[in-house]
Amino acid sequence: MEKCDAFIIGGSAGSLEVLLKVLPRINSEITFPIIIVIHRKHGSDSLLAELLSGRTSLPVKEVDEKEQILPGTIYIAPSDYHLLIEQDHTFSLDYSEKVNYSRPSIDVTFQTAAEVYKANLVCLLLSGSNSDGVSGLKSVKLWGGVAAIQNPETAQVSYMPAQAMLHVKIDQILNIEEIGGFLNLLS
Amino acid sequence: METNVINDEQVEILLSDLLEQYGYDFTGYSRASLKRRIVRLYGLDKALSFAEFRYKINNDHTYFKRFVEQITVNVTEMFRDPVFFKTLREEVLPKLGTYPFIRIWLAGCSTGEEAYSISIILKELNLLHKSLIYATDLNPTVLEKAAQSMFAMSQMKQYSENYILSGGKKDFSSYYTANYSLAKFNEDLKSKIIFSTHNLVSDYSFNEFQLILCRNVLIYFDRELQFKVLNLFDESLEELGYLALGTKETINFSQIAGKYKRLQTEKIWRKVE
Numbered sequence: 001m002e003k004c005d006a007f008i009i010g011g012s013a014g015s016l017e018v019l020l021k022v023l024p025r026i027n028s029e030i031t032f033p034i035i036i037v038i039h040r041k042h043g044s045d046s047l048l049a050e051l052l053s054g055r056t057s058l059p060v061k062e063v064d065e066k067e068q069i070l071p072g073t074i075y076i077a078p079s080d081y082h083l084l085i086e087q088d089h090t091f092s093l094d095y096s097e098k099v100n101y102s103r104p105s106i107d108v109t110f111q112t113a114a115e116v117y118k119a120n121l122v123c124l125l126l127s128g129s130n131s132d133g134v135s136g137l138k139s140v141k142l143w144g145g146v147a148a149i150q151n152p153e154t155a156q157v158s159y160m161p162a163q164a165m166l167h168v169k170i171d172q173i174l175n176i177e178e179i180g181g182f183l184n185l186l187s
Numbered sequence: 001m002e003t004n005v006i007n008d009e010q011v012e013i014l015l016s017d018l019l020e021q022y023g024y025d026f027t028g029y030s031r032a033s034l035k036r037r038i039v040r041l042y043g044l045d046k047a048l049s050f051a052e053f054r055y056k057i058n059n060d061h062t063y064f065k066r067f068v069e070q071i072t073v074n075v076t077e078m079f080r081d082p083v084f085f086k087t088l089r090e091e092v093l094p095k096l097g098t099y100p101f102i103r104i105w106l107a108g109c110s111t112g113e114e115a116y117s118i119s120i121i122l123k124e125l126n127l128l129h130k131s132l133i134y135a136t137d138l139n140p141t142v143l144e145k146a147a148q149s150m151f152a153m154s155q156m157k158q159y160s161e162n163y164i165l166s167g168g169k170k171d172f173s174s175y176y177t178a179n180y181s182l183a184k185f186n187e188d189l190k191s192k193i194i195f196s197t198h199n200l201v202s203d204y205s206f207n208e209f210q211l212i213l214c215r216n217v218l219i220y221f222d223r224e225l226q227f228k229v230l231n232l233f234d235e236s237l238e239e240l241g242y243l244a245l246g247t248k249e250t251i252n253f254s255q256i257a258g259k260y261k262r263l264q265t266e267k268i269w270r271k272v273e
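Shown next, in the form of structure tokens:
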């Protein structure tokens, strides 16, 4: 990969623990944004941002609609909206039907990001119990980006990364302690 | 969903067709969401080629209606974000209740769930008799559905929970009659709602209101169109009137921001000058 323009992490059941371990290892000089889409109950937004910002010196914020995406920032998809990436590198939100029983859906963010960042995108799928994110990773590959998953053997719930492994040609299979280093090297 | 069956240029072609053929202007809509909706419909209807898809939209009026209905998002709930409705119930509507007459505009009402939610609160505050709710949408089809006052029975458990969280004290099921898979809401709730088409992009202000609600509509517009629509709301709102937007929407950055004061934590602003 020539240059990473965005790093997107999708996760469901069992992914929060991973994030809490990975965030402290992320270099504060990273040159791209990190966008996090995780499934959770509606209405627990500010808590999650608070929880994650305690683990990193990078700014962590819940996305505002039409917000410009800046490097060196960690963005969190708000609960109960799909998070989409626009061609002008802004976020937009969408309250359409749930996808894979989920809103936000990881597929939606991966797919729209794939078309924007093309070969300069890395998407990482973590632990989870449904197949959200799998067709998103397919799109990432289709547009030339990098598809990564948490090693299913290290996942609290292996179904999601295992499904991805089954259906998509994965570029990187990472153990939890390898994620931070992998991400830092992309800067 | 295969996302590459329609490219960005083809999306622009369809948008200019809609404008030229039908006068519907979607060019100010956020593209990522719009494109996703178009691709989704293309797959859903098993279009054979872009040319065929385009031809049908341009030449088959019934299909054009379906197209507009499907590319706009019509997902809504009763008492969605209960805390918001609690603020309406406890703060906003009692203030407006001191007026001889209350005019409310619900812009982008979709299938009407919010219109009935507001009607229920007005009824409980004993204000319904002197209120009028103008519920508008650009889509005639969703308005027809809204006017039937019937919603899926399967949703009632969720709506009842929302209603209670919003400060409702009654038995929610007293507001409807179960009819197989549908809940038919009582006629009196509809008596003060006027359902009508209105396109925020191209239509003008049509009255003065004390409360305008437009929740989760602006998220589909680009900044420029958002500002234009906020100006339209400003023109349509009386002094000391209220403007309510969706949880993630804001009037900040717009021209009208200086004239409004926000109520605590909810996305409700009062026009103060």
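For the record, the sequence lines run as chains A and B.
With UniProt numbering, you'll find the first sequence wraps up at 187, consecutive numbering, no jumps.
With UniProt numbering, you'll find the second sequence wraps up at 273, consecutive numbering, no jumps.
Ideal Cβ placement from N, Cα and C applies to all residues, glycine included.
Within 10 angstroms of its Cβ, does B:TYR55 collect 16 or more other Cβ (buried), or is it exposed?
When all chains shown are included, B:TYR55 counts as exposed.
Among A:SER131, A:SER28 and A:GLY14, which residue has its Cα nearest to the Cα of A:LEU185?
Selected option, being the one with the closest Cα: A:SER28.
Could you compute how far the alpha carbon of A:ILE9 sits from the alpha carbon of A:LEU124?
The alpha-carbon atoms of A:ILE9 and A:LEU124 are separated by roughly 5 Å.
Using a Cβ-Cβ cut-off of less than 8 Å, give me the residues of the stretch 54-67 of chain B that come near chain A, in sequence order.
If the cut-off is 8 Å between Cβ atoms, the stretch 54-67 of chain B has nothing near chain A.
Residues sharing a beta bridge with B:MET150, DSSP:
Per DSSP, B:LYS184.
Pair within 8 Å by beta-carbon distance, B:PHE101 and B:LYS130
A contact, by the Cβ cut-off of 8 Å.
Residues near residue 284 of chain B by beta carbon distance below 7 Å, same chain, minus five either side
Lying outside 1 to 273, the shown extent of chain B, residue 284 of chain B is not represented and no answer is given.
Chain B contact residues for A:GLN68, given Cβ-Cβ distances below 9 Å:
The contacting residues do not exist; A:GLN68 stays about 11 Å from chain B at best.
Compute the distance between the beta-carbons of A:ARG40 and A:LEU48, then report whether it is under 8 Å.
Contact: yes.
So who's on the other strand from B:TYR134, going by DSSP bridges?
According to DSSP, B:TYR134 bridges with B:TRP105 and B:ILE194.
Please check the pair A:ILE35 and A:TYR75, which I expect to be a contact at CB under 8 Å, by giving their CB distance rounded to whole angstroms.
Taking a contact as a CB-CB distance under 8 Å, the pair A:ILE35 and A:TYR75 counts as one, their CB atoms being some 5 Å apart.
Are there 16 or more other CB atoms within 10 angstroms of the CB of B:PHE253, so buried, or fewer, so exposed?
Here B:PHE253 is exposed. Its C-beta has fewer than 16 other C-beta atoms within 10 Å.
Taking the C-alpha atoms as reference points, what is the distance between A:LYS138 and A:VAL168?
Between A:LYS138 and A:VAL168, the C-alpha separation is close to 6 Å.
Compare the beta carbon distance of A:VAL37 and A:ILE106 with 8 Å and say whether it is the shorter of the two.
The answer is yes: Cβ separation under 8 Å.
Going straight from the alpha carbon of B:SER191 to that of B:ALA115, what length do you get?
Straight-line Cα distance between these residues: approximately 11 Å.
Out of curiosity, what's the CA-to-CA distance linking B:GLN155 and A:VAL157?
Put simply, the backbone Cα of B:GLN155 is about 30 Å away from that of A:VAL157.
Given a cut-off of 8 Å, decide if B:SER202 and B:ASP17 are closer than it, judged by their beta-carbon atoms.
The answer is no: Cβ separation not under 8 Å.
Is the stretch 112-121 of chain A in contact with the stretch 130-149 of chain A, if contact means three or more CB pairs nearer than 8 Å?
The answer is yes - the stretch 130-149 of chain A touches the stretch 112-121 of chain A, with three or more Cβ pairs under 8 Å.
For A:CYS123, list the residues DSSP reports as bridge partners.
Per DSSP, the beta-bridge partners of A:CYS123 are A:ILE8 and A:ALA147.
Name the two residues that bound the continuous beta strand (DSSP E) containing B:ASN179.
From DSSP, the beta strand (DSSP E) with B:ASN179 extends over 176-179.
Closest residue to B:GLU266 among B:TYR220, B:LEU88, B:THR197 and B:SER160 (Cα-Cα distance)
The option with the nearest alpha carbon to B:GLU266 is B:LEU88.
Any beta carbon from chain A within less than 8 Å of B:ARG31's own beta carbon?
When Cβ-Cβ separations below 8 Å define contact, B:ARG31 makes contact with chain A.
Out of B:ALA32, B:LYS46, B:LEU132 and B:PHE221, which has the shortest C-alpha to C-alpha gap to B:ASN7?
Considering only alpha carbons, the answer is B:ALA32.
Span of the alpha helix (DSSP H) holding B:TYR204?
Secondary structure note for B:TYR204: it is in no alpha helix (DSSP H), with a DSSP letter that is neither H nor E.
Within 10 Å of its beta-carbon, does A:LEU166 have 16 or more other beta-carbons around it, so buried, or fewer, so exposed?
Under this definition A:LEU166 is an exposed residue.
May I ask you to list, following chain order, the residues of the stretch 124-144 of chain B that have a beta carbon less than 8 Å from some beta carbon of chain A?
The stretch 124-144 of chain B vs chain A, Cβ under 8 Å: nothing.
Would you kindly check if the distance between the Cβ of B:TYR22 and the Cβ of B:PHE64 is under 8 Å?
The criterion of a C-beta distance shorter than 8 Å is satisfied by B:PHE64 and B:TYR22.
For A:SER15, which residues in the same chain have their Cβ closer than 7 Å to its Cβ, ignoring the five residues on either side in sequence?
Hits under 7 Å: ILE38, LEU126, SER127 and GLY128.
Neighbour list for B:ARG223 in chain A, Cβ cutoff strictly below 7 Å:
Under the 7 Å cutoff, chain A gives LYS66.
Using a Cβ-Cβ distance under 8 Å, would A:ASP94 count as near chain B?
With respect to chain B, the C-beta atom of A:ASP94 has a partner C-beta closer than 8 Å.
Beta bridge counterpart(s) of A:LEU84 as assigned by DSSP:
Beta-bridge analysis with DSSP links A:LEU84 to A:SER92.
Say whether chain A places a C-beta atom closer than 8 Å to the C-beta of B:GLU113.
For B:GLU113, the answer is no, since every Cβ of chain A falls outside 8 Å of its Cβ.
Limits of the alpha helix (DSSP H) - the one that B:VAL75 falls within:
Membership of B:VAL75 in any alpha helix (DSSP H) is not indicated, and neither H nor E is assigned to it by DSSP.
Pairs of beta-carbons, one from the stretch 68-77 of chain B and one from the stretch 168-184 of chain B, closer than 8 Å: are there three or more?
Verdict: no, contact absent.
Three-state class that DSSP yields for B:ARG270 in the structure shown
Reduced to three states, the DSSP call for B:ARG270 is strand.
Provide the residue(s) that pair with B:LYS261 in DSSP beta bridges, ordered along the chain.
BP columns for B:LYS261 point to B:ARG270.
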